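Heads up: the structure comes next, in structure tokens.
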Amino acid sequence: MKYWKTYTVIALCLLLFTACSNDESQKQEVKLYASSSLSNMLTNIEKELEDEFQIKLILHLRTSAQLIEDVKDEGPFDLFLTPSQADIDELLKSGHLSEGSVQQFTYNDIVCINYYNDAGVNCDFDNLDERVRFISVADPEAVTLGSYTKDLLINKNLWDDWEEQEQLIFAESAPKAFDQVNGGDAEIGFVYGSDARFYQYPYVEMDEQLTIPYMLAISEEAKDNEKVLELKEWFLSEKGQEVLEEYGFITE
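Counting with mature numbering (1 follows the signal peptide of the UniProt record, and there is no 0), you get residues -21 to -1, 1 to 231 for the letters of the sequence shown.
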């Protein structure tokens, strides 16, 4: 009798495990291609979104240039999130995105941070502190943050001088630009305000008039997919906007 009860318990456990495994395997996969600047938020809320929408969320987080290349290489995706309007235009032209699905869902800005968290190294570009040897910027050829930063510094007549003096070091992604300063590889750097606000890192605003819009769009193949449409609407919803704000993004 004892053995029979033991086998019964084991059998029930196996049945429950199999049922749970089947439930997981039956969940629809939603592939989300997104800018690496959204990494903090998306990786932290991935499980929450999976539970809310009963999906298996596949995150693909890379720079703007890398995402475009992945799409061109026929990488399958359902939802595309980016701060690059040029990338949206290119993918619309190539037929990868559903034209009616494109919407703006948040903003970001560019700020200056310094390694010392010191008022003496306060991004005063006319009189840089002698401790400033290197300046971190995201790669303007591959990262949307970098292209905006380069334009900003050119307009302030700073880019050419810093480049000539070999003070610029280029980060391969927006989060890496923050890491280079936080880790001491550069004394000052230009990063997304969302990173500085999320990590509660002191910063100096660069241009109050410059806000960088983030766009989202559905792939042409997924434009009628109910789960994908629901996930897209979440980013536009009051709840989604509150979460974006918690992670340092600017909402209307």
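In this text, a Cβ means the ideal position worked out from N, Cα and C, and glycines have one as well. Model, not experiment: these values are computed from the prediction.
Same chain, Cβ closer than 6 Å to residue i, neighbours up to 5 away in sequence not counted
i	result
P181	N96
E57	The question names Glu, but residue 57 in the sequence shown is Asp. For D57, where only same-chain residues beyond five positions count, the Cβ hits under 6 Å are V9, K10, S198, A201, V207.
G227	S173, R176, F177
M20	Y226
First and last residue of the uninterrupted beta strand (DSSP E) at residue i
i	result
G168	167 to 171
S115	114 to 117
S43	Premise fails: S43 lies in the alpha helix (DSSP H), 43 to 51, not in any beta strand (DSSP E).
N87	82 to 87
T61	58 to 61
L223	Segment 217 to 225 is the alpha helix (DSSP H) holding L223; no beta strand (DSSP E) there.
M194	191 to 197
L147	147 to 150
Candidates the options, of which the one nearest residue i by Cα
i	options	result
L215	Q82, I37, T61, E109	Q82
I191	A175, D103, V111, T61	T61
S37	A44, S43, K26	One point to set straight first is that residue 37 is Ile, not Ser, in the sequence displayed. Answer by Cα proximity: K26.
G168	D52, L223, V90, N134	V90
R110	Y94, V170, T123, L124	Y94
D118	Q220, L189, S43, E29	S43
D30	I229, L223, L210	L210
Through-space distance from residue j to residue i, alpha-carbon basis
i	j	result
Y127	E231	21 Å
A65	M194	11 Å
K72	D108	47 Å
E212	N23	19 Å
I114	D139	13 Å
K218	E225	11 Å
residue 255	I92	Residue 255 falls outside the range modelled here, since the chain spans only -21 to 231, and no answer is possible.
E221	E143	43 Å
V183	D88	11 Å
Q45	V170	19 Å
Same chain, Cβ closer than 8 Å to residue i, neighbours up to 5 away in sequence not counted
i	result
S(-1)	At S(-1), the pLDDT of 48 sits below 50, so the modelled position is not reliable and the matter cannot be decided from this model.
I47	D66, E69, L70
L189	D88, I89, Y127, L131
Beta-carbon separation (whole angstroms), residue i vs residue j, contact threshold 8 Å
i	j	result
residue 319	I148	Here the chain covers residues -21 to 231 and nothing more, so residue 319 does not appear.
T123	S14	7 Å
Y16	A153	The question names Tyr, but residue 16 in the sequence shown is Ser. So it is a contact: roughly 4 Å between Cβ atoms.
A196	F59	5 Å
Run of the alpha helix (DSSP H) containing residue i, from where it starts to where it stops
i	result
Y127	123 to 134
Neighbourhood of residue i by C-beta distance below 7 Å, restricted to the same chain and skipping five residues each side
i	result
K6	Q33, I34, K35
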